[in-house]
């Protein structure tokens with residue numbers, strides 16, 4: 421049985437999926453946007469402005485058409501809670517994400533539901549717990565020290581491509597255990613093509629060159645990983661790939677070769693791209709707010725060590741607050757999609773089974789209903805005294821929520837703290853006067869100009 425056949429057997433279309441959604445959602449305020457592309461280009465150009473205008477015109481529930489589907493656009497913290505907490509299993513992540521990511525990241529953890537998702541997540545959890553995380557931190561430290569030292573020698577540094585090279589190197593080591601530079605370079609090239617293809621609006625390989633490169637990159641990664649599974653199963657490596665090859669649960673279940681291929685490729689994307697985005701946002705915020713750069717430097721000096729040890733991660737609480745504020749302002753994933761498997765109601769509207777729904781962290785994380793002066797960079801809103809993120813449990817959701825809460829969030833926070841600790845101790849950086857970073861917010865938040873910095877060694 422092919423992978424697509426197994427996928428269809430495991431996840432048959434939900435009731436109502438064949439319904440004409442344009443007709444089914446006509447009772448909602450809103451429109452379908454432009455012919456063919458709908459609201460896709462508006463959303464991809466500026467998700468924040470798009471959602472704020474949508475809410476101002478139509479309220480918390482409206483109809484849109486983007487990414488080639490008629491969808492319910494849900495813009496409230498209550499909507500986030502309903503969809504992400506999903507107490508009764510109404511919303512399918514598989515049927516939400518597969519039309520967008522299914523060709524490039526089929527059956528990754530984020531694209532699974534229910535018992536299947538729970539079983540795969542349980543097998544994966546040991547690879548993201550204490551001892552394993554400590555091992556990843558040890559592996560990434562030399563990469564961080566080398567990269568930061570090199571950045572200090574470049575007074576004019578474009579930070580985004582530089583940190584992307586660092587996080588790709590860390591992913592190749594921590595996730596795949598690669599040492600040969602030729603292998604690292606080829607894997608990173610293929611992986612970059614796959615990730616970039618996820619933003620393609622033309623998804624026909626013959627005419628969509630970006631998409632075609634992504635599919636070729638995916639095929640290369642599949643072969644590369646599959647050829648090495650047997651050796652990793654028999655070995656004792658401490659990289660993520662090796663952990664997944666040896667993973668078993670209490671009933672003796674383990675991942676198939678196909679599962680391992682799918683999970684490794686998806687996890688590399690989820691961990692690498694989001695961390696790159698978060699680090700870029702933090703570094704820009706600290707360049708624009710030098711008083712916070714100084715506070716992090718003082719905190720790193722207080723911790724004392726040249727690198728941040730695993731047992732000292734909790735001491736870097738100030739960096740944790742800065743990370744949370746950066747993720748609030750610019751969540752790496754601006755929208756989260758699902759498909760309803762049964763009828764549901766929200767904010768006075770009834771919506772049918774089969775409805776494609778989208779919630780938007782980029783909107784709720786700047787909603788003045790929950791955040792004081794929401795456009796301002798203010799990490800102290802996350803301290804214990806103010807705790808603005810606790811005003812509503814789903815107003816701040818950069819890692820998702822419910823059963824699909826990001827499994828790698830501790831890995832991401834650990835990596836960010838490790839990089840920022842070394843940067844704060846060794847470097848000072850700034851941006852040009854009156855500079856404002858031009859953000860591309862979809863599909864993953866990043867600067868359009870690479871973020872030019874003026875850097876000097878301390």
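Residue numbers (the numbering used here): 421 to 878. Think of the CB as a built atom: it goes at the ideal place given N, C-alpha and C, for glycine as much as any other residue. Remember, predicted model here, so these are calculated numbers, not experimental data.
Classify residue 859 as helix, strand or coil using the three-state DSSP reduction. The answer is strand: DSSP assigns residue 859 an E or B state.
Which whole-angstrom value is the C-beta distance of residue 783 and residue 540, which I expect to be below 8 Å? Taking C-beta atoms under 8 Å as the contact rule, residue 783 and residue 540 fail to qualify, at a distance of about 30 Å.
Within the present structure, is the beta-carbon of residue 760 separated from the nearest heavy atom of the ligand PLP by less than 7 Å? Among the components of this structure there are no ligands whatsoever, and the ligand PLP is therefore not found.
What does residue 870 pair with, by DSSP beta-bridge criteria? DSSP output for residue 870 lists no bridge partner at all.
Who are the Cβ neighbours of residue 747 in its own chain at under 7 Å, not counting the five residues just before and after it? Cβ within range, chain order: 698 and 818.
Per DSSP, the bridge partner or partners of residue 668: Note: residue 668 sits in a beta bridge opposite 674.
Contacting residues, own chain, Cβ-Cβ under 6 Å from residue 741 (five flanking each side not counted): The answer, listed in chain order, is 799 and 802.
Using the Cα positions of residue 678 and residue 841, report the straight-line distance between them to the nearest angstrom. In this structure, the CA atom of residue 678 is about 38 Å from the CA atom of residue 841.
Where the beta strand (DSSP E) through residue 783 begins and ends: Segment 781–784 is the alpha helix (DSSP H) holding residue 783; no beta strand (DSSP E) there.
Per-residue burial, residue 485 [other beta carbons within 10 Å of its own, 16 or more giving buried]: It is buried - the Cβ of residue 485 has at least 16 other Cβ atoms within 10 Å.
Per-residue DSSP class, three states only, for residue 684: The answer is helix: DSSP assigns residue 684 an H, G or I state.
On the criterion of 16 or more Cβ atoms from any shown chain inside 10 Å, does residue 456 qualify as buried, or is it exposed? Burial call: exposed.
Can you tell me where the beta strand (DSSP E) holding residue 764 begins and where it ends? 764–766 is the span of the beta strand (DSSP E), which, as asked, contains residue 764.
Assuming residue 510 and residue 760 form a contact by the criterion Cβ under 8 Å, report the distance between their Cβ atoms to the nearest whole angstrom. That pair is a contact at about 6 Å.
Taking Cβ positions, are residue 531 and residue 513 nearer each other than 8 Å? Yes, they are a contact pair.
According to the neighbour-count rule (16 or more other Cβ atoms, all chains shown, within 10 Å of its Cβ), is residue 458 buried or exposed? Label assigned to residue 458: buried.
What are the residues that DSSP puts in a beta bridge with residue 769? The beta-bridge partner set that DSSP reports for residue 769 consists of 766.
Using 8 Å as the Cβ pair cut-off and three pairs as the minimum, do the region 534–550 and the region 571–583 touch? No, they do not touch.
Let's see if you can read the secondary structure: which residues bound the alpha helix (DSSP H) around residue 747? Unbroken alpha helix (DSSP H) run through residue 747: 737–749.
Between 666, 489, 469 and 487, which lies nearest to residue 495 when the distance is taken from Cα to Cα? The candidate whose alpha carbon is nearest that of residue 495 is 469.
What do you get for residue 501, buried or exposed, if any count of 16 or more other CB atoms within 10 angstroms of its CB means buried? Flag for residue 501 reads buried.
Do the region 594–604 and the region 700–711 touch if we need at least three Cβ pairs shorter than 8 Å? Fewer than three Cβ pairs drawn from the region 594–604 and the region 700–711 lie within less than 8 Å of each other, which leaves the two stretches out of contact.
Do you know offhand how far residue 499's Cα is from residue 491's? Computed Cα separation, rounded: 14 Å.
Let me confirm a value: residue 624 is counted as buried when at least 16 other C-beta atoms fall within 10 Å, else exposed. Which label applies? Exposed is the label assigned to residue 624, since fewer than 16 other Cβ atoms lie within 10 Å of its Cβ.
Is the separation between the beta-carbon of residue 533 and that of residue 675 shorter than 8 Å? Not a contact, by the Cβ cut-off of 8 Å.
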